[in-house]
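Sequence positions in the first sequence follow this note's numbering and run 18 to 124.
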Amino acid sequence: MRPPYLNPVVDFEEFAESVYDVVDTIPAGRVVTYGDIAEHLGQGGPRRVARAMAMCQGAVAWHRVIRSNGVPAVPVRARQLELLASEGTPLVDGSRVDLGRARWPLP
DNA sequence: GGCGTGACTGGAT
DNA sequence: GATCCAGCCACGC
């Protein structure tokens, strides 16, 4: 079955700003997945969200955005886990996030 | 303008 | 559980 990909992004910069705005609403100790953000915005997709995070470079709480399986993205894996742990985010084996408890329900 | 790549995901194996 | 595979899309070469 094909993944439920969403509507195409009209303006990527505007899309990225929307992504940052959503990420900014996530409280410390909680996380959301790339797919959650894309679904919440109703446009783009997980990879568009990931690209937006890659270009923000610390301007937002990028470490609160993880994969759907609870494992942080590779390029920032170690640092992300460190930041999450310091915020009190529930982890499993110290290497992945406990999505069942840490997932933040987007409005 | 064509082609490979990737901070992804859901389903199959 | 871990791995593989197909599909989307912006970006760099």
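Note that beta-carbon positions come from the ideal geometry of N, C-alpha and C, so glycine has one too.
Please state whether the Cβ-Cβ distance between residue i and residue j is less than 7 Å.
{"i": "Glu104", "j": "Gly62", "result": "no"}
{"i": "Leu116", "j": "Gly87", "result": "yes"}
{"i": "Val179", "j": "Asp28", "result": "Residue 179 is absent from the structure shown; the chain starts at 18 and stops at 124."}
{"i": "Val66", "j": "Ile83", "result": "no"}
{"i": "Pro107", "j": "Ala95", "result": "no"}
{"i": "Ala33", "j": "Ala69", "result": "yes"}
Helix, strand or coil, according to DSSP, for residue i in the structure here?
{"i": "Ala97", "result": "The amino acid occupying residue 97 in the given sequence is Gln; Ala does not appear at that position. Reduced to three states, the DSSP call for Gln97 is helix."}
{"i": "Val77", "result": "coil"}
{"i": "Leu123", "result": "coil"}
{"i": "Leu116", "result": "helix"}
{"i": "Val26", "result": "coil"}
{"i": "Val109", "result": "strand"}
Starting from residue i, follow its DSSP beta bridges and name the residues at the other end.
{"i": "Ile83", "result": "Thr50"}
{"i": "Val36", "result": "Looking at the DSSP assignment, Val36 forms no beta bridge with any residue, so it has no partner."}
Exposed or buried, what is residue i when buried is set at 16 or more other beta-carbons lying within 10 Å of its beta-carbon?
{"i": "Gln178", "result": "What is shown of the chain runs 18 to 124, which leaves residue 178 out entirely."}
{"i": "Val36", "result": "buried"}
{"i": "Arg64", "result": "exposed"}
{"i": "Tyr51", "result": "buried"}
{"i": "Arg81", "result": "buried"}
{"i": "Asp38", "result": "exposed"}
{"i": "Val91", "result": "exposed"}
{"i": "Pro44", "result": "exposed"}
{"i": "Pro7", "result": "Nothing about residue 7 can be read from this structure; the chain reaches only from 18 to 124."}
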